[in-house]
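So that you can map any letter, position 141 of the sequence shown is 705 in our numbering, and since no number is skipped, the others follow by simple counting.
Ideal Cβ placement from N, Cα and C applies to all residues, glycine included.
Before any comments, here is the structure.
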Amino acid sequence: MTKKERAALAAEALRELYPDVSCSLKYSTPLEMLLATQMSAQCTDASVNRVTETLFKKYTCAEDFANADLDELQQDIRSIGLYRNKSKNIIACCQRILECYGGQVPSTMEELLTLPGTGRKTANLILGEVFGKPAVVVDTHCIRLTNRIGLVNTGVPEKIEAELKKLIPPEEQLALCHRFVFHGRAMCNARSPKCGLCPLKNFCKYYKKITKR
Ligand code: SF4
565 MTKKERAALA AEALRELYPD VSCSLKYSTP LEMLLATQMS AQCTDASVNR
615 VTETLFKKYT CAEDFANADL DELQQDIRSI GLYRNKSKNI IACCQRILEC
665 YGGQVPSTME ELLTLPGTGR KTANLILGEV FGKPAVVVDT HCIRLTNRIG
715 LVNTGVPEKI EAELKKLIPP EEQLALCHRF VFHGRAMCNA RSPKCGLCPL
765 KNFCKYYKKI TKR
């Protein structure tokens, strides 16, 4: 079986298992999505949503965040992990958005990567979720699953992103990445994957390996 065939089988099985997938971060503007994604690093989406419910009423645009008092913003988001650094990045990011992009979140990978606090994972999520562009979002679930089912053989996010771009049609990339997250949480967790229940087991390399022992 080629990797493309393997990817297509995985996409089909996961589509059946999780037909409706979307990002669980709540947002109503591109800026809110960008900042919520930055805040979600090493933190659950649910806890970010609890914070942003009030935060996005207090600060409503890039200018508000760019001019925010650092101590006050830190207090506003202190219930989420790494809030000190995240606050600094939010202010710096919005200052750059104001200075370089007219107050609007830019829509290319190159531009997004110039924003403080924004790596490829965040940039891809914004490209796909906000701008409807092809996007491969490589997070911990994506890394684990794509290695286990044999689409890649590396833990390097950039290499996984490049490989998945070759294997998955552009219009399916973002949804499949969301489904990897759903499946990683529901069955394919790191320590004790529920392989017996998993529809991917017929072609999963990890399952083949553990059942051979
Ligand atoms: S068979 Fe097991 S290891 Fe493979 S994808 Fe399913 S849950 Fe994960």
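Buried or exposed: Glu-636, going by 16 or more other Cβ atoms within 10 Å of its Cβ? exposed
Is Val-612 near Leu-634, with beta carbons less than 8 Å apart? no
In angstroms with no decimal places, state the Cα-to-Cα distance between Ala-571 and Thr-682. 28 Å
Give the DSSP-derived three-state secondary structure of Val-716 in the structure shown. coil
Please classify Ala-610 as buried or exposed, where buried requires at least 16 other C-beta atoms within 10 Å of its C-beta. exposed
8 Å contact criterion, which Thr-616 and Ala-600 should meet: CB distance rounded: 5 Å
With a cut-off of 8 Å on the beta carbons, I'd call Leu-764 and Ile-713 a contact; round off their distance for me. 6 Å
Is there at least one Cβ from chain B nearer than 8 Å to Gln-639's Cβ? Protein chain content of the structure displayed is limited to a single chain, and chain B is not contained in it.
Roughly how many whole angstroms lie between the Cα atoms of Ile-644 and Ser-592? 20 Å
Report the residue from Leu-578, Leu-619, Glu-580, Ala-754 whose alpha carbon sits nearest the alpha carbon of Met-597. Leu-619
Scan the segment 688–751 and note each continuous alpha helix (DSSP H) run of 4 residues or more that stays entirely inside, going in chain order. 704–712, 721–731, 734–750
Distance cut 5 Å, beta-carbon to ligand 1 heavy atom: residue list by chain order: Arg-712, Met-751, Cys-752, Pro-757, Cys-759, Cys-762, Leu-764, Lys-765, Cys-768, Tyr-770, Tyr-771
Roughly how many whole angstroms lie between the Cα atoms of Ala-754 and Gly-666? 43 Å
Contact under 8 Å by Cβ, Leu-691 with Lys-697: yes
In three-state DSSP terms, what is Tyr-771? helix
Residue nearest to Glu-722 in terms of C-alpha spacing, selected from Glu-736, Pro-733, Ala-739, Thr-704: Thr-704
Do Cys-706 and Phe-744 have their C-beta atoms closer together than 8 Å? yes
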